[in-house]
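Heads up, the thing below is written out as structure tokens.
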Amino acid sequence: MNLDQLKAKLEQMPTPDKRGLYSQIDKDKVEQAVAEIFQAGPEAWTLLIDQIVEPTVGGDHGARYALHVLGLHISKLHDAEARKKFTAALARPLGGTKPKPVQAYLAQELWYFGLPDALAVLANLLDDAELCDPAAFAMMAHEGQAAPFFRQALPQAKGKCRRMIVQCLGRLRDAQSADEIAKSAGDEDVEMRQVAVWALANIGQPSAADTVLKAAQTPEGWERTHAAKCCLLLAERLIAAGRKDDAARLTTYLKESRTDKTEKYIAEAAGRIK
Amino acid sequence: MSHDTFRTTRRGLLKTSAVAAAFTIVPRHVLGGPNQPLPPSETIGGALIGCGGRGPGTFGGLGPKEVVRKLAECDVKFVGKADNQRYYTDFRRVLERKDIDVVAIATPPHWHALISIAAMEAGKDVLCEKPMTRFIAEGRAVVEAQDRYKRIFQIGTFGRFGMAKSERSRENHKVMASGLLKKSPVVHIKKGGLKVVQWSGIVNAKPQPVPPNLDWDMYCGPSPLRPFHPHRHGGTHRGYWDYEGGGLCDMGQHHFDPQQWRYAKDFTSPVEINVNTPPAHPEASAVWGWVELIYADGTTFVMDSTEWGKPYDRKPAHDDARLSDLSPEDAAKVKAMPDPEPLVSFPEAVKTRKRAGGHAESSHRAVCILHLANIAIRMGRTIRYDPVKEQIIGDEEANRLVSQPMRAPWHL
Numbered sequence: 204m205n206l207d208q209l210k211a212k213l214e215q216m217p218t219p220d221k222r223g224l225y226s227q228i229d230k231d232k233v234e235q236a237v238a239e240i241f242q243a244g245p246e247a248w249t250l251l252i253d254q255i256v257e258p259t260v261g262g263d264h265g266a267r268y269a270l271h272v273l274g275l276h277i278s279k280l281h282d283a284e285a286r287k288k289f290t291a292a293l294a295r296p297l298g299g300t301k302p303k304p305v306q307a308y309l310a311q312e313l314w315y316f317g318l319p320d321a322l323a324v325l326a327n328l329l330d331d332a333e334l335c336d337p338a339a340f341a342m343m344a345h346e347g348q349a350a351p352f353f354r355q356a357l358p359q360a361k362g363k364c365r366r367m368i369v370q371c372l373g374r375l376r377d378a379q380s381a382d383e384i385a386k387s388a389g390d391e392d393v394e395m396r397q398v399a400v401w402a403l404a405n406i407g408q409p410s411a412a413d414t415v416l417k418a419a420q421t422p423e424g425w426e427r428t429h430a431a432k433c434c435l436l437l438a439e440r441l442i443a444a445g446r447k448d449d450a451a452r453l454t455t456y457l458k459e460s461r462t463d464k465t466e467k468y469i470a471e472a473a474g475r476i477k
Numbered sequence: 019m020s021h022d023t024f025r026t027t028r029r030g031l032l033k034t035s036a037v038a039a040a041f042t043i044v045p046r047h048v049l050g051g052p053n054q055p056l057p058p059s060e061t062i063g064g065a066l067i068g069c070g071g072r073g074p075g076t077f078g079g080l081g082p083k084e085v086v087r088k089l090a091e092c093d094v095k096f097v098g099k100a101d102n103q104r105y106y107t108d109f110r111r112v113l114e115r116k117d118i119d120v121v122a123i124a125t126p127p128h129w130h131a132l133i134s135i136a137a138m139e140a141g142k143d144v145l146c147e148k149p150m151t152r153f154i155a156e157g158r159a160v161v162e163a164q165d166r167y168k169r170i171f172q173i174g175t176f177g178r179f180g181m182a183k184s185e186r187s188r189e190n191h192k193v194m195a196s197g198l199l200k201k202s203p204v205v206h207i208k209k210g211g212l213k214v215v216q217w218s219g220i221v222n223a224k225p226q227p228v229p230p231n232l233d234w235d236m237y238c239g240p241s242p243l244r245p246f247h248p249h250r251h252g253g254t255h256r257g258y259w260d261y262e263g264g265g266l267c268d269m270g271q272h273h274f275d276p277q278q279w280r281y282a283k284d285f286t287s288p289v290e291i292n293v294n295t296p297p298a299h300p301e302a303s304a305v306w307g308w309v310e311l312i313y314a315d316g317t318t319f320v321m322d323s324t325e326w327g328k329p330y331d332r333k334p335a336h337d338d339a340r341l342s343d344l345s346p347e348d349a350a351k352v353k354a355m356p357d358p359e360p361l362v363s364f365p366e367a368v369k370t371r372k373r374a375g376g377h378a379e380s381s382h383r384a385v386c387i388l389h390l391a392n393i394a395i396r397m398g399r400t401i402r403y404d405p406v407k408e409q410i411i412g413d414e415e416a417n418r419l420v421s422q423p424m425r426a427p428w429h430l
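Sequences listed follow chains A and B, in order. With the first sequence counted from 1, adding 203 to any position gets you the numbering used here. With the second sequence counted from 1, adding 18 to any position gets you the numbering used here.
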């Protein structure tokens with residue numbers, strides 16, 4: 204499929220109404236055109252990707268939509284080889300010369316449709332402040348396989364990228380990252396500290412107790428409330444792991460320290476964890 | 019259905035003070051003469067987070083203004099106005115205040131779950147505008163926070179309160195709750211009224227400068243940080259998956275929450291969702307035809323948009339489940355069942371610590387109807403759902419929409 208042929212297919216995509224909405228969509232026309240793009244194979248898919256431009260340039264709504272519908276088309280086929288090729292087509296431009304908003308769009312499509320094959324390429328974007336969020340989103344679609352990639356990126360990561368990586372590792376409950384995450388629990392950035400403490404609590408190792416308890420000693424403000432939640436979360440994790448004594452250390456602390464009438468509900472919540 | 023009794027904390031004063039009567043009978047300033055405000059000890063502090071179109075109405079649901087004093091207003095558009103005393107841009111600063119007891123949340127829905135959870139972590143009771151959440155996993159996290167902290171949560175739609183007063187609806191509820199029907203005859207069809215095109219998103223928006231009074235990063239919050247466009251902010255946020263789920267999500271909880279109560283589905287979800295739709299856009303909601311959601315007992319809810327494609331014609335509507343649908347023996351058993359307990363309003367729940375009528379679990383299940391419909395629309399195919407595990411069965415890509423990642427530092 205050459206560029207002219209592809210553009211003819213893109214003509215079949217809906218035309219936004221005067222407000223810019225897809226208020227009329229001819230399903231048959233769209234699906235037929237996309238099926239033909241699919242049949243033309245990965246070179247045509249790459250050609251389609253090349254039609255996507257920065258939002259400030261615009262005029263590419265049809266290509267963006269067609270690429271997404273192509274992903275939907277492939278996902279309905281249950282064709283592992285096609286999906287692998289589609290993942291590769293989306294991942295290939297990442298880290299290259301395409302404008303970052305375009306790469307963000309491709310990462311978004313990988314979140315929708317990608318296979319774990321793209322994890323390594325996505326992980327290379329984790330140190331880029333513009334792309335670490337969409338890359339991490341796409342990586343989190345593969346919860347069972349993403350942790351080693353996040354773990355490898357963590358020591359070098361800074362600022363918002365580090366926050367995002369720590370948060371993902373916390374959600375993945377990656378115990379192997381706990382020591383590196385703990386380094387951020389005393390960060391000067393309050394949001395970094397909070398994400399790190401939450402991640403350690405969610406991972407749920409007994410060794411996190413000291414860090415979480417230290418955070419809970421924050422005298423006032425949202426950070427104190429957040430740390431109390433982390434104490435409760437870690438206690439629940441430890442109970443689930445059969446570490447009742449370790450959990451009791453946390454709940455006892457909350458029961459003894461949240462005695463003011465405005466915090467009694469936290470002590471009561473701690474009392475319900477058994 | 020029974021009410022959980024929550025343990026009374028700082029609001030215990032409401033149980034014994036005259037203000038308790040003020041909630042349900044008549045404000046004391048009326049009894050005491052004109053212009054006689056209640057003393058501060060007999061009021062509670064309220065905050066409004068999200069001060070746009072629905073804000074004032076949602077705040078009003080917290081209780082009579084004589085009782086609930088508005089102490090704080092928070093909105094990301096208050097840059098330059100925020101003084102961190104009355105006006106705020108960061109809800110966390112509001113939640114730090116110990117004089118605030120109840121919070122009304124009227125932000126766009128991508129913030130609903132996170133702020134509801136944070137408020138309950140801070141010991142506040144919550145009235146949250148509908149739709150309750152942006153995706154399914156958020157709702158479960160809100161339920162867990164409600165249960166962990168024993169706070170009151172009420173969703174900002176109240177149709178079920180009227181539904182529960184209808185004798186016929188109560189009969190429907192009891193018949194369905196009994197589990198004695200072999201196969202549910204109910205086919206409830208919502209035809210039109212879901213504002214599908216009205217709340218669609220722009221697909222060719224060009225970035226524009228962020229207004230100086232708006233904290234755009236905070237507005238985007240857990241969702242992807244997109245280039246600013248005014249259509250993504252204000253009421254038209256509804257048209258973007260980043261923030262809501264189109265008119266379906268915006269209007270659907272109003273409509274299906276009462277039906278969910280009527281047919282005793284507050285603790286479960288549909289198991290099969292069929293759809294007639296053109297391919298969805300990845301970022302903007304657009305047109306779709308109809309969605310059919312089937313529960314394990316056969317109860318069927320249908321959304322027929324009437325704005326695209328052929329109308330729904332798979333099953334005729336049948337909005338009833340009566341004693342006459344049962345055998346005489348089973349009908350007698352249902353008649354012997356007690357009526358469902360009256361639903362408790364938010365102010366009454368704050369006062370008594372009983373679970374609110376639109377509590378987190380029922381609200382979560384109601385918004386799941388909408389989320390499941392939208393997932394089927396977005397995937398363009400039938401999906402099957404496990405209401406216990408809260409996972410889509412055998413469709414890994416569809417499951418990505420059940421639990422979505424968030425930008426740090428925002429997490430469930």
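The C-beta atom is built at its ideal place from N, Cα and C for all residues, glycine as well.
Query                                                                                                                           : Result
Residue 349(A), DSSP secondary structure in three states                                                                        : coil
Chain B contact for residue 472(A) (CB, 8 Å cutoff)                                                                             : yes
Residue 255(A) at chain B interface by Cβ criterion, 8 Å                                                                        : no
Separation of residue 359(B) from residue 193(B), as counted between CA atoms                                                   : 15 Å
Chain-ordered residues of the stretch 338-356 of chain A with a beta carbon less than 8 Å from chain B                          : 339, 340, 343, 344
Three-state class that DSSP yields for residue 294(B) in the structure shown                                                    : strand
Under 8 Å by beta carbon: chain A residues contacting residue 415(B)                                                            : 278, 315, 316
Own chain partners of residue 316(B) with C-beta closer than 7 Å, once the 5 adjacent residues on each side are dropped         : 201, 202
Where residue 355(B) falls, given that 16 or more other Cβ within 10 Å makes a residue buried                                   : exposed
Contact check, residue 149(B) vs residue 268(B), beta carbons under 8 Å                                                         : yes
Nearest candidate by alpha-carbon position, reference residue 434(A), set 465(A), 209(A), 402(A)                                : 402(A)
Minimum length 4: unbroken alpha helix (DSSP H) runs contained in the stretch 390-474 of chain A                                : 393-406, 412-419, 425-443, 447-460, 467-474
Contact set for residue 422(B): own chain, Cβ-Cβ below 8 Å, skip 5 residues either direction                                    : 152, 153, 155
Chain A contact residues for residue 243(B), given Cβ-Cβ distances below 7 Å                                                    : 336
C-alpha gap between residue 326(A) and residue 349(A), whole angstroms                                                          : 9 Å
The stretch 285-302 of chain B touching the stretch 413-428 of chain B, judged by at least three CB pairs closer than 8 Å       : no
Residues bridged to residue 310(B) [DSSP beta-bridge criterion]                                                                 : 292(B), 320(B)
Start-to-end residues for the alpha helix (DSSP H) that takes in residue 403(B)                                                 : Premise fails: residue 403(B) lies in the beta strand (DSSP E), 401-404, not in any alpha helix (DSSP H).
Neighbourhood of residue 416(A) by C-beta distance below 8 Å, restricted to the same chain and skipping five residues each side : 434, 452, 453, 456
Coarse secondary structure for residue 167(B), derived from DSSP in three states                                                : helix
Proximity test, Cβ basis, 8 Å: residue 158(B) and chain A                                                                       : no
Test: residue 295(A) CB closer than 8 Å to a CB of chain B                                                                      : no
CB of residue 369(A) within 8 Å of CB of residue 412(A), strictly                                                               : no
DSSP state of residue 313(A) mapped onto helix, strand, coil                                                                    : helix
Reduced DSSP category for residue 276(A) - H, G, I as helix; E, B as strand; rest coil                                          : helix
Classification of residue 336(A) by the beta-carbon crowding that lies within 10 angstroms, buried from 16 upward               : buried
Interface flag, residue 221(B) vs chain A, CB-CB below 8 Å                                                                      : yes
Residue 328(B): contacting residues in chain A (beta-carbon distance under 7 Å)                                                 : Going along chain A, no residue has its Cβ under 7 Å from residue 328(B), so there is no contact; the nearest lies around 11 Å.
Buried/exposed call for residue 464(A), threshold 16 Cβ in 10 Å                                                                 : exposed
Sub-8 Å separation of residue 198(B) and residue 351(B) beta-carbons                                                            : yes
Expected contact under 8 Å - CB spacing of residue 283(B) and residue 383(B) to nearest Å                                       : 7 Å
Inter-residue spacing [alpha-carbon to alpha-carbon] between residue 41(B) and residue 60(B)                                    : Unreliable placement is indicated for residue 41(B), whose pLDDT of 40 sits below 50; the coordinate value is still reported in the next sentence. Going from the Cα of residue 41(B) to the Cα of residue 60(B) covers about 11 Å.
8 Å Cβ cutoff met for residue 334(A) and residue 311(A)                                                                         : no
Own chain, CB closer than 7 Å to residue 213(B), minus 5 neighbours either side, in chain order                                 : 265, 268, 269
Pair within 8 Å by beta-carbon distance, residue 288(B) and residue 311(B)                                                      : yes
Euclidean distance between Cα positions of residue 89(B) and residue 118(B)                                                     : 7 Å
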